[in-house]
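Sequential numbering from 824 applies to the sequence shown in the working numbering. From the three backbone atoms N, C-alpha and C, an ideal C-beta is built for every residue, glycine too.
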Amino acid sequence: MATLTATDAAMPTNNRYSAFATAYSTHLWRTVVMLSVVIAFLSLQPTTTTTTTPLITTATTAPPKIVEQNPHENVISPSVCIAEMSCLQGKIMMGVDHQPFEAYLGIPYAMPPVGELRFANPRAFPRWRGFRDASVPKQECVQKITYYQALRWRA
824 MATLTATDAA MPTNNRYSAF ATAYSTHLWR TVVMLSVVIA FLSLQPTTTT
874 TTTPLITTAT TAPPKIVEQN PHENVISPSV CIAEMSCLQG KIMMGVDHQP
924 FEAYLGIPYA MPPVGELRFA NPRAFPRWRG FRDASVPKQE CVQKITYYQA
974 LRWRA
């Protein structure tokens, strides 16, 4: 009775194609790794934008209000004046990368669409005197949201 060894049972290899497949897969993996490194490097590069005319100017008329961001330090709350509107008083918030940034919340851009403004083109919000508190979000519009939409937005 004859027995088969592992070398006898192995399928014959075609050296002509197996060498190409090995070299091709190695080259493919090197390409994938290099592209991953390049993409990671480019995503870490800071981006800069330039504008020719300033859209926002720093307010100099009102004294800044001091708000507590940290119990150990007092931070001056930011304030800006927008040419088409008036002046806003914002707040300092922490970003995703734990870097502080200036936040201006609840800035009105148009009159509410009620009464004669319903189904009409939006009208600009009138200018106001002094500083408007933009450190907290304002009331949201009432909207009918289904249960499934709420689940989708939660994710």
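Which of the three DSSP states is assigned to residue i in this structure?
i    : result
V919 : coil
S859 : helix
L851 : helix
L974 : helix
L940 : helix
E896 : Caution applies to E896, whose pLDDT of 48 falls short of 50 and renders its modelled position unreliable; the value that the coordinates give is listed next. E896 falls in the strand class under three-state DSSP.
I889 : Note on I889: pLDDT 48, under 50, position unreliable in the model; the coordinate value appears next. Strand at I889.
For the beta strand (DSSP E) containing residue i, list its first residue and its last residue.
i    : result
Q966 : Premise fails: Q966 is in no beta strand (DSSP E) and is neither H nor E.
I905 : 902–905
R955 : 954–956
L911 : 910–912
Considering Cα atoms alone, identify which of the options is closest to residue i.
i    : options                : result
A943 : M934, P949, W951       : M934
S958 : A863, L851, S902       : S902
A906 : R950, L940, H921, L928 : R950
G913 : I899, A973, Q922       : I899
A947 : T854, S909, L851       : S909
V965 : P936, P923, V861       : P936
E963 : M857, G929, V861       : G929
Checking 9 angstroms against the spacing of the C-beta atoms, do residue i and residue j come in under that value?
i    : j    : result
P931 : K967 : no
Near residue i, what residues of its chain come up, given a Cβ to Cβ distance below 6 angstroms and the 5 sequence neighbours on each side ignored?
i    : result
L911 : V903, Y927, R955, A957
S859 : none
E925 : P901, G913
Go through its chain and collect everything with a Cβ distance to residue i's Cβ below 7 angstroms, but skip five positions before and after it.
i    : result
M917 : P923
Y970 : none
In chain order, what residues of the same chain have a beta carbon less than 8 angstroms from the beta carbon of residue i, not counting five sequence neighbours either side?
i    : result
L940 : M934, R946
H895 : A caution first: H895 carries a pLDDT of 42, below 50, which makes its placement in the model unreliable, though a value can still be read off. Result list for H895: empty, nothing under 8 angstroms.
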